[in-house]
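Notes follow the structure.
Residue numbers (UniProt numbering): 1 to 543.
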């Protein structure tokens, strides 16, 4: 790691150095293919597709089935990643998606043009294909591009490379959403499915030539930085009613799947030869023993530690890391990160500022993409901790302003708010920007950075449970306060929580910018880990 950080890492080197160029090409391709097969877009249209099925089951029931099967598939794919490898699993995932997409495209094409053909016997096709598509996506296309982003790049160039991949992710999500909407309106519902299916097929063959196999690489997988979620639910919410008639509780079940995919699929195995093979491919050189040996020492020490549930709470480093991780997940949801996004259309309609909710949603999405660009730099310049505090601060300001606006609107009916009727719209856009700057991505990023290899599985499980529970709690808090007290109440509550979270972050959350997993563990664990590392290195030198 020291050698990598001592190398030059300019923007020019990112494109001119062979290893960097090949890694960047693979990373960009993974992100582009991930979005151009509809990974983010089709998920948002799940309910609409289920309604088109008319198979006798409610769209709510089938959505629950799809989510449940997807969750099971995530667990299974955790093993498949290390058995088959990232490359083969990504190709398999693409293959499943291509088959289901093309079948759905053909079905909707026949339904639109061959009206004399009776599809009653196969009316379940959209439902079944969407469920299989969800399973295929959760098997690899959601997680592998982000997983490999942490494995492909040298430490000296990783910050700049990750910034490029963040930009690619945000832009392609925006492009994919608009392709689906444009083709659906201009041509027919079959068109985007056929296009995404064809792209999936081509992506399978490109993967074989462009993407290296990184299975069992001994590396620190810093995937979370790429989870710069650009509020895709806005697109879902602003469509025609039959496209978005889904409650906040039902919608929240879909928000859980991508993060779970991210955090469960990162086991660490000691397969030194595979690690060296991937490193040689990327760097175009044979002398990779030094870096692999250094990382081997770090992983060996971490895996040699005990990793029981008791140790998770009693060992100082684990306890401090868990406290920070749980706080990040709780604060992320209790400022309304997932909940308010699902109410975007409703808030825009309350604005009555003369612009349609569709236009304002597009503005919010566009600004969110721009914010993803900026946050890619800020994460490495300012660090995770400062960016998260800034993100919380901007959210608190907009939430409190909206809370006060709706409070005046509800109780001070004699006050004319005509001059500031744009307040909810502007504040929601600014809130989206604030959330996209850090609150969406940093908790996921730091989940992988905080924990030692020996305890990571148990710690991640706790954070997954925390995340799922807090989504449910946040959604119900918003709904309950809105109905029982007024729309202002949840905004004021979330705003106050945001303010307290800023101060809590300064004391509870460690800074992980530019540090390896080993260095972070040293900061959290203190002298005990330092002594263990020294004895390990002495043993290596003696041998």
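Yeah, the Cβ is synthetic: ideal placement off N, Cα and C, and Gly gets one too.
Can the beta-carbon of residue i be found less than 8 Å from the beta-carbon of residue j?
i           : j           : result
residue 499 : residue 396 : yes
residue 447 : residue 348 : no
residue 40  : residue 176 : yes
residue 193 : residue 136 : no
residue 324 : residue 450 : yes
residue 338 : residue 474 : yes
residue 379 : residue 387 : yes
residue 21  : residue 169 : no
residue 459 : residue 314 : no
residue 501 : residue 392 : yes
residue 152 : residue 26  : yes
residue 385 : residue 505 : yes
residue 197 : residue 98  : yes
residue 334 : residue 494 : yes
residue 491 : residue 402 : yes
residue 110 : residue 101 : no
residue 567 : residue 390 : Nothing can be reported for residue 567: it is not among the residues displayed for the chain, which extend from 1 to 543.
residue 37  : residue 200 : yes
residue 211 : residue 29  : yes
residue 406 : residue 481 : no
residue 382 : residue 157 : no
residue 524 : residue 320 : yes
residue 522 : residue 452 : no
residue 173 : residue 35  : yes
residue 125 : residue 113 : no
residue 130 : residue 206 : no
residue 375 : residue 436 : yes
residue 161 : residue 24  : yes
residue 431 : residue 340 : yes
residue 18  : residue 213 : no
Using the three-state DSSP reduction, which class does residue i fall into: helix, strand or coil?
i           : result
residue 254 : Low per-residue confidence applies at residue 254: pLDDT is 41, beneath 50, and the placement is therefore not dependable enough to give any value.
residue 422 : coil
residue 138 : helix
residue 487 : coil
residue 85  : coil
residue 380 : helix
residue 415 : coil
residue 164 : helix
residue 519 : helix
residue 117 : coil
residue 207 : helix
residue 544 : Given a span of 1 to 543 for the chain in the structure shown, any question on residue 544 remains unanswerable.
residue 309 : helix
residue 153 : coil
residue 189 : coil
residue 385 : helix
residue 335 : coil
residue 145 : helix
residue 510 : coil
residue 123 : coil
residue 213 : coil
residue 401 : helix
residue 170 : helix
residue 218 : Note that residue 218 scores 31 on pLDDT, short of 50, meaning its location in the model is unreliable; the coordinates nonetheless yield the value given after this. Three-state DSSP puts residue 218 in coil, outside helix and strand.
residue 96  : helix
residue 105 : helix
residue 315 : coil
Chain C beta carbons: is any one of them nearer than 8 Å to that of residue i?
i          : result
residue 86 : The chain labelled as chain C is not found in the depicted structure, where only one protein chain is given.
Inter-stretch contact (C-beta, 8 Å, three-pair minimum) for the stretch 443 to 452 and the stretch 328 to 335: yes
Three-pair Cβ contact test at 8 Å for the stretch 137 to 148 versus the stretch 87 to 106: yes
Every unbroken alpha helix (DSSP H) within the stretch 428 to 464, with a cutoff of 4 residues, ordered by chain: 442 to 450
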